[in-house]
Each structure stands twice: as C-alpha cells, then as structure tokens.
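Enquirer: A single structure is presented below for examination.
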Amino acid sequence: PGAGEPRDIFDKIEDCAVISQLTQATPTVSLHIPWDKADPTRLKQAASRFGLGFDAMNSNTFSDARDQKLSYKFGSLSHTDAGTRRQAVEHNLECIEIGKTLGSKALTVWIGDGSNFPGQVNFAKAFERYLDAMREIYAGLPADWRLFTEHKMYEPAFYSTVVQDWGTNYIIAKELGDKAYCLVDLGHHAPNVNIEMIV
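Heads up: the sequence shown is residues 2 to 200, going by my numbering.
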C-alpha cells in the first residue's frame with residue numbers, strides 16, 4: 002500500500018488487500034456510501050484484482066454530503082420533516098442498489114439522530130418515525146439480503162440517541178422481520194463494560 006492515508010476507495014481496497022493477505026481472515030470490504038461511491042465496474046475490477054469481494058453496504062445519514070438537498074443536522078430517518086426522512090430512505094435504497102451490482106448481501110444502518118438536551122426531542126415520536134422509515138428500507142431489501150441496525154448510547158448526541166441500546170435495537174429487528182439483525186459495534190460500547198453485558 003501507499004504511504005499515508007488512502008486518497009480514495011481504490012487506495013482503501015489496496016490497503017484492505019494487504020490486511021487480507023496478512024490475516025487470511027478478511028476477504029471482503031464494506032463500503033460507506035457516499036464516501037466510497039465510485040463506478041461499480043471499476044470497484045469490482047479493483048476488488049477482483051486482489052481477490053476481494055464486498056460485504057455489507059453502509060449508508061451515511063449521519064453527515065451531510067456535498068450534493069444533498071436537505072441537512073441531517075437535526076436527524077435523518079427520525080427527522081420531524083417528511084422530506085428529510087424521504088431523502089434518508091432514498092439514500093438507503095440507493096445503497097441497496099449499489100450493493101446489488103457489487104454482489105453485497107447486506108445493508109448496515111446507523112443513524113446519529115438524537116438530542117443534546119432534555120425536552121429537545123420527543124423520544125417516542127422520533128422512534129416511531131424511525132421505524133416507519135426503516136420499514137420502507139426493509140421492504141426494498143432483496144430476498145437474500147440482511148439488514149443490520151446499529152445502536153450507540155450517546156454518540157454523537159450527548160443526551161440520548163434514537164437507537165441507544167441493544168434492547169431498542171432488538172425491538173427494531175423484531176418489528177422489521179426475519180432479515181433484520183442487531184449489530185453491536187465493539188468500537189463504540191460503554192467504557193469499562195464487559196461485552197457480554199451489552200449483547
């Protein structure tokens with residue numbers, strides 16, 4: 002791999018190939034869209050050159066892309082504005098379409114939606130809006146795909162996030178259906194908490 006930070010997804014694929022060669026344990030790459038968006042044919046060729054494939058697609062509704070119309074500053078899939086929620090749903094459906102062309106079989110959804118102060122957000126209504134949006138995304142999954150929802154207790158919101166713990170995540174999976182699963186990101190769990198206490 003080249004020295005320094007990867008310049009684009011093609012540099013990242015090359016770096017992933019080195020890790021795969023060293024460990025013999027990571028033969029797939031998970032793309033984050035829109036950050037890793039590129040021509041699917043070129044992506045497949047680059048991955049194939051190194052013997053890599055593509056794993057779960059990751060949507061990004063936790064930061065604003067340059068060309069998006071509406072901001073996710075105050076939420077995405079749980080936003081009070083229907084247009085912003087629609088934009089976030091469409092982005093996730095686009096991630097599925099990109100993933101289908103690459104041979105992916107899963108979508109990971111994490112939202113940064115939440116609040117920083119008590120009273121800033123109606124938690125129950127925000128959760129219901131999130132579930133409604135996720136039902137649309139779930140309906141867009143191919144039959145052989147899985148949907149992973151990810152929770153984080155406080156990040157980036159300091160007071161509470163819409164999907165804040167494994168229990169909420171479990172409810173989401175049960176509400177959506179058999180293709181929905183809870184994703185535990187071990188890089189973001191509570192400090193000094195044993196992993197078995199959060200799953």
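Glycine is no exception: its CB is placed at the ideal position from the N, C-alpha and C atoms.
(1) Write down the C-beta distance between G54 and I97 rounded to the nearest angstrom, noting that I regard them as a contact closer than 8 Å.
(2) When burial is assigned at 16 or more other CB atoms within 10 Å of the CB, is R67 buried or exposed?
(3) Taking 8 Å as the threshold, find out whether the region 75-90 comes into contact with the region 99-107 through three or more Cβ pairs.
(4) Entirely within the region 21-55 and at least 4 residues each: give me those alpha helix (DSSP H) ranges in chain order.
(5) In terms of residues, what are the limits of the beta strand (DSSP E) holding Y171?
(6) Any idea what DSSP makes of E98, helix, strand or coil?
(7) Just to confirm before moving on: does the CB-CB distance between A48 and I20 stay below 8 Å?
(8) Give me the residue from A57, T42 and D56 with the minimum Cα distance to R50.
(9) Hey, D114 and T81 are a contact pair by Cβ (cut 8 Å); roughly how many whole angstroms apart?
(10) Just grab the DSSP bridge partners of M58 for me.
(11) Who does L148 pair with in a DSSP beta bridge?
(12) DSSP on T162, reduced to helix/strand/coil?
(13) Grab the span of the alpha helix (DSSP H) containing I138 for me, first residue to last.
(14) Using the rule of at least 16 other Cβ atoms within 10 Å of the residue's Cβ for burial, across every protein chain shown, is F159 buried or exposed?
(15) In terms of alpha-carbon separation, which member of V194, E95, D179 and N170 lies closest to W111?
(16) Am I right that L132 and I173 are in contact with their C-beta atoms under 8 Å? What's the rounded C-beta distance?
(17) Comparing C-alpha positions only, which one of H92, A107 and L148 sits nearest to K70?
(18) Please state whether the Cβ-Cβ distance between P7 and D16 is less than 8 Å.
(19) Cutting at 6 Å between CB atoms, please list the residues of its own chain near V94, excluding the five before and the five after it.
(20) If you check the beta carbons only, do E151 and D186 fall under 8 Å apart?
(21) Do you know whose CA, among P35, V90, L148 and G52, lies nearest Q25's CA?
Expert: Considering the structure as presented:
(1) Start at 1 with the first residue of the sequence shown, and residue 54 comes out as number 53. Start at 1 with the first residue of the sequence shown, and residue 97 comes out as number 96. Contact doesn't hold; Cβ gap of about 17 Å is too wide.
(2) Mapped onto the sequence shown, residue 67 falls at position 66. R67 is exposed by the Cβ-count criterion.
(3) no
(4) 41-50
(5) Translated into positions along the sequence shown, residue 171 becomes position 170. No beta strand (DSSP E) contains Y171, which is instead part of the alpha helix (DSSP H) from W167 to L177.
(6) One-based indexing of the sequence shown puts residue 98 at position 97. Residue state, collapsed to three classes: helix.
(7) As a working note, residue 48 is residue 47 in the sequence shown. As a working note, residue 20 is residue 19 in the sequence shown. No, these two residues do not count as a Cβ contact at 8 Å.
(8) The count along the sequence shown starts at 1 and reaches residue 50 at position 49. That would be T42, whose Cα lies nearest to the Cα of R50.
(9) What you label residue 114 is simply residue 113 of the sequence shown in a count that begins at 1. What you label residue 81 is simply residue 80 of the sequence shown in a count that begins at 1. That pair is no contact at about 11 Å.
(10) As a working mapping, residue 58 is identified with position 57 in the sequence shown. Answer is L108, bridged to M58.
(11) Within the sequence shown, residue 148 is the residue found at index 147, counting from 1. Per DSSP, L108 and A181.
(12) On the sequence shown, position 161 is the one that residue 162 refers to. Strand at T162.
(13) Residue numbering aside, residue 138 sits at position 137 when the sequence shown is read from its first letter. Where I138 is concerned, the enclosing alpha helix (DSSP H) stretches over F124 to A140.
(14) On the sequence shown, residue 159 is found 158 positions in, with the first residue counted as 1. Result: exposed.
(15) Counted from its first residue, the sequence shown places residue 111 at position 110. Nearest C-alpha to W111: N170.
(16) Translated into positions along the sequence shown, residue 132 becomes position 131. Translated into positions along the sequence shown, residue 173 becomes position 172. With a Cβ gap of about 7 Å, L132 and I173 count as contacting.
(17) For this step, residue 70 is matched to residue 69 along the sequence shown. Here the closest residue by C-alpha is H92.
(18) Locating residue 7 in the sequence shown gives position 6, where the first residue counts as 1. Locating residue 16 in the sequence shown gives position 15, where the first residue counts as 1. Against a cut-off of 8 Å, the Cβ pair of D16 and P7 comes out as a contact.
(19) Translated into positions along the sequence shown, residue 94 becomes position 93. First, the amino acid is wrong: residue 94 is Leu here, not Val. Answer for L94: G141, listed in chain order.
(20) Working through the sequence shown from its first residue, we reach residue 151 at position 150. Working through the sequence shown from its first residue, we reach residue 186 at position 185. Yes; because the gap between Cβ atoms is below 8 Å, this pair is in contact.
(21) The residue labelled residue 25 in the question sits at position 24 within the sequence shown. The residue with the shortest Cα to Cα distance from Q25 is G52.
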